[in-house]
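This report refers to the structure that appears directly beneath it.
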Amino acid sequence: MSVSVAIPHSRIGWVDAGRGLAILLVVLYHSARWGEVAGMDTSGWQVANDILATLRMPLFFVLAGLFAQKWQTARWASLWRAKLSLFIWVFLVWSVIDSFSIMLGFRMQDIEGNYLAQLAQVVWSPLAPRFELWFIWALSLFFVFAKLTRLIPAWVQLTLAAMISAVALSGLELGNVGWNGLLRYYFFFLLGIHGRAMILRFAEHHRLPTASIIIVVWAVLAIAGNLLGLMTLPGFYFVTAVLGVGAGIVFSVQLARFGRLRAIGARTLPIYLTHTSVILVVCYLLHFLVPVLPAAILSAVAPPVIAAIAAAISFAAARWVPTVPVLRYLYEQPTVVAGRPTKAPTITGAETPSGSTEG
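Note that the working numbering has the sequence shown beginning at 1, numbered continuously upward.
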């Protein structure tokens, strides 16, 4: 079992910064992807995103697990009210919303979409998640798995999850982004739970030489792995991702001084849910202008500009929408679903040592 350490009764700044960093990298990834669909040459940004992928989602899931230990021993009713009901609710609500916004993506590709067919797939989404919602689907299952296996020694859980992750990250495909994510990233969620003491100690006491070595080795492996096609070598991606978590923690500690990034990290759920729809709208409008705009400039600046717009609008929505009685349920489950009122949450459930969820 992992050992808890004493930390101040407040949000941990570097954790919020880390989540802010991870969500912005996610937004950048989707901006480059949909920018290409809109007709822009975003190949350079996509290579960069592939390199950053070894840090982006592993760090996100480690930080999610960092505050999940208490839910292993909590009552199922408490876990439902605080976590599972929220994830299931927003997953279903946004599965419907995204079924409409994805039609803009089809239009950019001159594909004839069918709204009813898209909505019909929502019925099957709990078994085969779609779009970026796979993350929330997987996260809910991670909380359940961690609770069900709490009596199994931590080293056994981590070893088995690491073996599965190493195989999955080496190119195993199950035909669904959610099922792929389950196999690839459960280890990192467990690492956050059982490695909590080690992670917090490293974040607080790491030295520059050690941190520099971790960053350099991660960067070399991530760049070489992508450019030389080494990521499918058994275990290569997994080792790179583990180092990516270390590098991500170092970056997060250094970035914790930026209050806006911490603020973004404290509201990751609304941003995660909203950003793709915003990106689709922006890219749909831009694709009409692509033929008349300088291609070189679009390739260089479009993805980060689109990402900045999407992040800003999503962040604004995170602050404004909860103040509107009906719209608040885009990001918050109704009381009848949760069982009792809950505070505005974050996607990873950043909590204080006392266990209170902060929003």
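From the three backbone atoms N, C-alpha and C, an ideal C-beta is built for every residue, glycine too.
For residue i, which of helix, strand or coil comes out of DSSP?
i: A241; result: helix
i: G44; result: helix
i: P129; result: coil
i: Y272; result: helix
i: V337; result: helix
i: A50; result: Here the sequence assigns Asp to residue 50, which means Ala is not the residue at that position. Helix at D50.
i: L55; result: helix
i: V326; result: coil
i: G349; result: Legend: pLDDT at G349 = 42, less than 50; position of this residue unreliable, no value from coordinates given.
i: G235; result: coil
i: L141; result: helix
Starting from residue i, follow the alpha helix (DSSP H) in both directions and report where the run begins and ends.
i: E173; result: Here E173 belongs to no alpha helix (DSSP H), and DSSP marks it neither H nor E.
i: P209; result: L208 to L227
i: D16; result: G13 to V37
i: N180; result: V177 to H194
i: I152; result: Looking at the DSSP string, I152 is not in any alpha helix (DSSP H), and its letter there is neither H nor E.
i: P430; result: Residue coverage of the chain in this structure runs from 1 to 359, which leaves residue 430 outside it and unanswerable.
i: K83; result: Run containing K83: none; DSSP gives neither H nor E here.
i: Q72; result: K70 to T73
i: Q121; result: Y115 to V122
i: L261; result: G259 to G265
What's the call for residue i, buried or exposed, on a 16-neighbour Cβ count within 10 Å?
i: F67; result: buried
i: W320; result: exposed
i: Q118; result: buried
i: N114; result: exposed
i: I23; result: buried
i: G248; result: buried
i: T54; result: buried
i: I51; result: buried
Does the beta-carbon distance from residue i to residue j come in below 8 Å?
i: V26; j: G105; result: no
i: L158; j: F187; result: yes
i: D41; j: S299; result: yes
i: W76; j: F143; result: no
i: Q333; j: S85; result: yes
i: S314; j: H275; result: yes
i: G13; j: I193; result: no
i: I306; j: I271; result: no
i: Q121; j: R107; result: no
i: S140; j: F202; result: no
i: P303; j: L28; result: yes
i: A211; j: N176; result: no
i: G265; j: D16; result: yes
Between residue i and residue j, what straight-line distance do the alpha-carbon atoms span, to the nearest angstrom?
i: G235; j: V62; result: 19 Å
i: W137; j: G244; result: 23 Å
i: I214; j: V326; result: 47 Å
i: W155; j: W45; result: 38 Å
i: I164; j: A241; result: 14 Å
i: K83; j: W94; result: 17 Å
i: L174; j: V167; result: 12 Å
i: P58; j: Y185; result: 7 Å
i: I111; j: S31; result: 20 Å
i: T323; j: I97; result: 20 Å
i: A197; j: A74; result: 20 Å
i: L230; j: I223; result: 10 Å
i: W218; j: R56; result: 13 Å
i: V292; j: L208; result: 48 Å
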